[in-house]
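In the numbering used here, the protein residues as written are -16 to 458. By construction, the Cβ of each residue, glycine as well, lies at the ideal position given by its N, Cα and C atoms. Since the structure comes first, as structure tokens, the remarks are kept for the end.
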Amino acid sequence: MTSNNVQAKATLSEKVGYGLGDMSSSMFWKVFTAYLPFFYSTIFGLSLVDATFLMLVTRIWDAVSDPMMGIIADRTSTRWGRYRPYLLWIAIPFAVVGVLLFTTPEGWSYESKRIWAYVTYILMMTVYTAINVPYGAMLGVVTDDSDEKTVFSSFRMFFAYGGSFMVLAGWEPLCKFFNNMRGIDAGVNDPSSWQYSMMVIAACCAVLFFLTFLMTRERVKIMPKKTSVLSDLGSLFRNAPWWILLGGVLFFNFFNAVRYTAGPFFFASVIGNGAHLSIFSAEFLFYAGIFFAVGEIANMAGVAMTPSITRRIGKKTTFMGSLVLLMVFSVLFFFVPCTSGGYWVMMLLQVLISVITGIVSPLVWSMYADIADYAELKFKTVSTGLIFSSSSMAQKFGGAIGGSAVTAILAAVGYSTVADAVQTESALLWVKALMSFVPAAVAAVSMLFLFFYPLTSGRMKDIQNELQWRRSMDS
């Protein structure tokens, strides 16, 4: 089992270092979520139907690769620890494949480009899994204290949203910058500019993962695995809290994915290109990037609130109450008019929704760490990587289902991806619903799962006390 219980509290630099890792992951993930469906259908040149199947099929591979990576990481043993060395090994492949993903081959046939899209997307999800699953599992070994895990998770999500803000606010200006450097006038739709922009982001992401490797350590030492893979999987499948949280997190990520995927289409067809936010005598361009970037700042505010809220009312109550508010604010979004004043209301609702998702996000990782402790006590097996891989799997499935559902719905209602196309009333109605009623319904399903979650604050205190006694006996 485990030995060498934590001898000293983690330092601030370790928490910051851990946060930098998800800043790297989130910079990639938010570009994928917000812009990849738009990229494939509008810039790369795939049809909406092909883009839908592409995003769905590649995530099926993730359903296999995430648990596989968790099993591999749980059985890794190096002088740097069990999970931490993957940050060093995979950082460069992570960056390189990210650039390939946003590369549009010139002069290729449609079928050849479609194959290229499948290959690069599958490669991207593979390397993302190879670095992100061990990174997430580190939360289970940087400390053995449940509240401290929430603090680590809050640092993680604070930096994640900071990275997301930078990439969402800077993506379109960065594309335009490369257009200007090359003396072309293509707005943000030039394929080469997307590739060059990804090169900049990929280089930053590699550096951030290297810093995480250097600034963190695995404090909870785990003895080498003695159980078989089948035994670990059997314990996982009998873990009721894992199944319940998996369902809740899947639909929570579905909520986020639907809004981020629908956002560029919403701004392109409902808001339009000439919208501005007016404040006093100044005007600011109102576009998808700034809309979501402001949301990332609000996410960071929500993350900062999480530890104090959960200490007062517990993780489960915080999660469920947040989902109720997400439902209410999402429905209200549908009724906001496309006027100068309405744009400010949209921004306000985006801020409120993002604060709430920011509160929930650290809970996901902290609650998975609690489930790992529960599994160690109940099943006498340490499968931290396998359990955390399920969270990554839920994140990717949520993104896949959400992104695919959006493009599938748009294709079904006759949404046109032709530049400056006039959309039908039905298509516009569905675009608005994808930013409002559809996410609200998804949040309701997530809340249904969380209602049955059994690991309350009181139950976790009992589990931690029993584990500390057991670990002291094993050391």
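Let's see if you can read the secondary structure: which residues bound the alpha helix (DSSP H) around residue i?
{"i": "Ala465", "result": "An answer regarding residue 465 cannot be provided, because it is not within the stretch -16 to 458 covered by the chain."}
{"i": "Tyr111", "result": "93 to 120"}
{"i": "Glu201", "result": "No alpha helix (DSSP H) holds Glu201; DSSP gives it neither H nor E."}
{"i": "Tyr351", "result": "323 to 362"}
{"i": "Tyr18", "result": "-5 to 21"}
{"i": "Trp72", "result": "68 to 84"}
{"i": "Phe220", "result": "212 to 220"}
Just to confirm, is the Cβ distance from residue i to residue j under 8 Å?
{"i": "Ser429", "j": "Phe238", "result": "yes"}
{"i": "Pro156", "j": "Gly386", "result": "no"}
{"i": "Ile342", "j": "Met303", "result": "no"}
{"i": "Thr41", "j": "Met121", "result": "no"}
{"i": "Leu84", "j": "Tyr118", "result": "no"}
{"i": "Met198", "j": "Gly28", "result": "no"}
{"i": "Val79", "j": "Gln178", "result": "no"}
{"i": "Ile296", "j": "Phe435", "result": "no"}
{"i": "Thr126", "j": "Phe138", "result": "no"}
{"i": "Thr367", "j": "Asn282", "result": "no"}
{"i": "Tyr66", "j": "Val124", "result": "yes"}
{"i": "Cys158", "j": "Ser176", "result": "yes"}
{"i": "Thr400", "j": "Leu31", "result": "yes"}
{"i": "Tyr23", "j": "Ala100", "result": "yes"}
{"i": "Met6", "j": "Phe142", "result": "yes"}
Apply the 10 Å Cβ neighbour rule to residue i and answer buried if 16 or more other Cβ atoms are within range, or exposed otherwise.
{"i": "Thr322", "result": "exposed"}
{"i": "Lys13", "result": "buried"}
{"i": "Ala17", "result": "buried"}
{"i": "Arg468", "result": "It is not possible to answer for residue 468, since the shown part of the chain is limited to -16 through 458."}
{"i": "Ala271", "result": "buried"}
{"i": "Leu(-5)", "result": "exposed"}
{"i": "Thr133", "result": "buried"}
{"i": "Tyr111", "result": "buried"}
{"i": "Arg97", "result": "buried"}
{"i": "Trp452", "result": "exposed"}
{"i": "Tyr93", "result": "exposed"}
{"i": "Asn162", "result": "buried"}
{"i": "Asp403", "result": "exposed"}
How far does the beta strand (DSSP E) with residue i in it reach, from first residue to last?
{"i": "Glu266", "result": "265 to 268"}
For residue i, which residues of its own chain have a beta-carbon under 8 Å away from its beta-carbon, when the five flanking residues on both sides are left out?
{"i": "Trp413", "result": "Ile392, Leu393, Val396, Tyr398"}
{"i": "Thr317", "result": "According to the sequence as given, residue 317 is Phe; it is not Thr. Lys415, Ala416, Met418, Ser419, Phe420, listed in sequence order."}
{"i": "Phe39", "result": "Note that residue 39 is Leu in the sequence shown here, rather than Phe. Ala383, Ile384, Ser387, listed in sequence order."}
Once you ignore the five residues that flank residue i on each side, which residues in its own chain have a CB closer than 7 Å to its CB?
{"i": "Trp473", "result": "Summary: the structure shown does not reach residue 473, with the chain confined to residues -16 through 458, and so no result is reported for it."}
{"i": "Gln447", "result": "Ser129, Asp356"}
{"i": "Gln(-10)", "result": "Here Gln(-10) scores only 47 on pLDDT, less than 50, and its place in the model is too uncertain to base an answer on."}
{"i": "Lys(-8)", "result": "none"}
{"i": "Val425", "result": "Phe234, Phe237, Phe238, Val241"}
{"i": "Gln333", "result": "Phe274, Val277, Gly278"}
{"i": "Leu472", "result": "Nothing can be reported for residue 472: it is not among the residues displayed for the chain, which extend from -16 to 458."}
{"i": "Asp445", "result": "none"}
{"i": "Tyr104", "result": "Leu37, Thr41, Leu84"}
Using a Cβ-Cβ cutoff of less than 6 Å, which residues in the same chain neighbour residue i once the five nearest sequence positions on both sides are dropped?
{"i": "Gly231", "result": "Ser429, Phe432, Leu433"}
{"i": "Lys363", "result": "none"}
{"i": "Met140", "result": "Val286, Ser344, Pro345"}
{"i": "Ile114", "result": "Tyr69, Ile73, Phe77"}
{"i": "Ser440", "result": "Gly297"}
Checklist line | Complete alpha helix (DSSP H) runs within the segment 226 to 301 (minimum length 4 residues, chain order) | finding: 271 to 296
Next item on the list: Kindly provide the ranges of any beta strand (DSSP E) runs that are 3 or more residues long and lie completely inside the segment 402 to 432, ordered along the chain.
Entry: none
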